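Colleague: I am attaching a structure below and will ask some questions about it afterwards.
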Amino acid sequence: MERLQKVIAAKGYCSRRKAEELITQGRVKVNNVVVKTLGIKFDKYDQIQIDNKILTDENSSKVYLMLNKPRNCVSTMRDPQHRKTVLSYIKGVPQRIYPVGRLDYDTSGLLLLTNDGEFTNIITHPSHIINKTYHVLVSGYLTKQKLQQLASGIEIEPGIITSQSQAKLVKYEEIKDASILLLTIHEGRKHQVKKMIKAIGHEVIKLKRVAIGFLQLNEALKPGEWRYLKFKDIKRFLK
Ligand code: URA
Numbered sequence: 235m236e237r238l239q240k241v242i243a244a245k246g247y248c249s250r251r252k253a254e255e256l257i258t259q260g261r262v263k264v265n266n267v268v269v270k271t272l273g274i275k276f277d278k279y280d281q282i283q284i285d286n287k288i289l290t291d292e293n294s295s296k297v298y299l300m301l302n303k304p305r306n307c308v309s310t311m312r313d314p315q316h317r318k319t320v321l322s323y324i325k326g327v328p329q330r331i332y333p334v335g336r337l338d339y340d341t342s343g344l345l346l347l348t349n350d351g352e353f354t355n356i357i358t359h360p361s362h363i364i365n366k367t368y369h370v371l372v373s374g375y376l377t378k379q380k381l382q383q384l385a386s387g388i389e390i391e392p393g394i395i396t397s398q399s400q401a402k403l404v405k406y407e408e409i410k411d412a413s414i415l416l417l418t419i420h421e422g423r424k425h426q427v428k429k430m431i432k433a434i435g436h437e438v439i440k441l442k443r444v445a446i447g448f449l450q451l452n453e454a455l456k457p458g459e460w461r462y463l464k465f466k467d468i469k470r471f472l473k
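For the sequence shown, the positions run 235 to 473 when our numbering is used.
What follows is the structure, given as structure tokens:
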């Protein structure tokens, strides 16, 4: 017996967190009865319906892939404003995959997609401390003091201080009056990098995620292209 959100995630429908949302919104039925309470345990053989559609085990084999997300697309499954979604770049994958975490509309770079709820949890949950590295084009010159502020933790909202990070100036481009920064963080707060840069009095001009943990975005993967993760890399994340 497992918690309902875990059973839904294990069937590859969505992440555990998303399943919790569906449950509290009253969109989940078990054996034809709506279940809105989190925490009740069920068996994988109970019949689960989401939005009145029966959840089957078909196409539930686990898949893991990486996309080089282009700018100007959303990393949600659907967009109320009908903008392009990252899923429109993924063709020929029969499983119902979803993005692991989010990148902003105007952020590019490494985005993982899967139908494995446990994997999603490992990558996105702050307690697992998986680093995410960003290549950031920042307005102006970043002094040593500003880099130190970023690295040691900075207040991005009243009462919210980021944990330690690594901030390295790659170069300063005098003509553009802009700095290229490599920033490695392990938290995943909404717009975190932009807020950190704003907190030190600068602005993000361009943002690209170049690594998640040990997994780096290879330049061979052009914006909009994707590939399956290697088995050894999946195993390394799940360890
Ligand atoms: N931080 C941001 O501000 N935006 C992203 O897309 C990712 C991290």
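Ideal Cβ positions, reconstructed from N, Cα and C, are used throughout, including at glycine.
Nothing here was measured: the structure is a model prediction, and the numbers come from that model.
If we call anything under 7 Å between Cβ atoms a contact, is Thr310 one with Leu441?
Modeller: No. Outside cutoff.
Colleague: Got a sec: does the ligand URA put a non-hydrogen atom nearer than 6 Å to the Cβ of Lys428?
Modeller: Checking every heavy atom of the ligand URA against the Cβ of Lys428, one is found closer than 6 Å.
Colleague: Note down, in chain order, each residue of its chain lying with its Cβ closer than 6 Å to the Cβ of Gln283, except the 5 sequence neighbours on either side.
Modeller: Only Lys263 meet the Cβ criterion.
Colleague: Can Pro333 and Leu347 be called in contact, C-beta distance under 7 Å?
Modeller: For Pro333 and Leu347, yes; Cβs fall inside 7 Å.
Colleague: Spatial neighbours of Thr358 within its chain, please: CB distance less than 7 Å, with the 5 preceding and 5 following residues excluded, ordered by chain position.
Modeller: Cβ within range, chain order: Val334, Gly335, Gly422.
Colleague: Counting along the chain, where does the beta strand (DSSP E) carrying Thr341 start and finish?
Modeller: Here the beta strand (DSSP E) through Thr341 covers 341 to 348.
Colleague: Report the residue from Tyr247, Ile419, Ser413, Tyr406 whose alpha carbon sits nearest the alpha carbon of Ile395.
Modeller: Ranking the options by Cα distance to Ile395, first place goes to Ile419.
Colleague: Can you tell which of Arg461, Leu451, Phe353, Asp285 has its C-alpha closest to the C-alpha of His362?
Modeller: The shortest Cα separation from His362 among Arg461, Leu451, Phe353, Asp285 belongs to Phe353.
Colleague: Report whether the distance from the Cβ of Thr348 to the nearest heavy atom of the ligand URA is below 6 Å.
Modeller: Incorrect: Thr348 has no Cβ contact closer than 6 Å to the ligand URA.
Colleague: May I ask you to check if the CB of His194 is nearer than 6 Å to at least one heavy atom of the ligand URA?
Modeller: Residue numbering for the chain in the displayed model covers 235 to 473; residue 194 lies beyond these limits and cannot be assessed.
Colleague: Pick from Lys429, Ile364, Gln281, Leu451: whose alpha carbon is nearest that of Asp338?
Modeller: Checked all of Lys429, Ile364, Gln281, Leu451; the closest Cα to Asp338 is Lys429.
Colleague: So what does DSSP say about Tyr323, is it helix, strand or coil?
Modeller: Helix, per DSSP.
Colleague: Tell me, which residues are paired with Val438 by DSSP?
Modeller: For Val438, which the question treats as bridged, DSSP gives the partners Val372.
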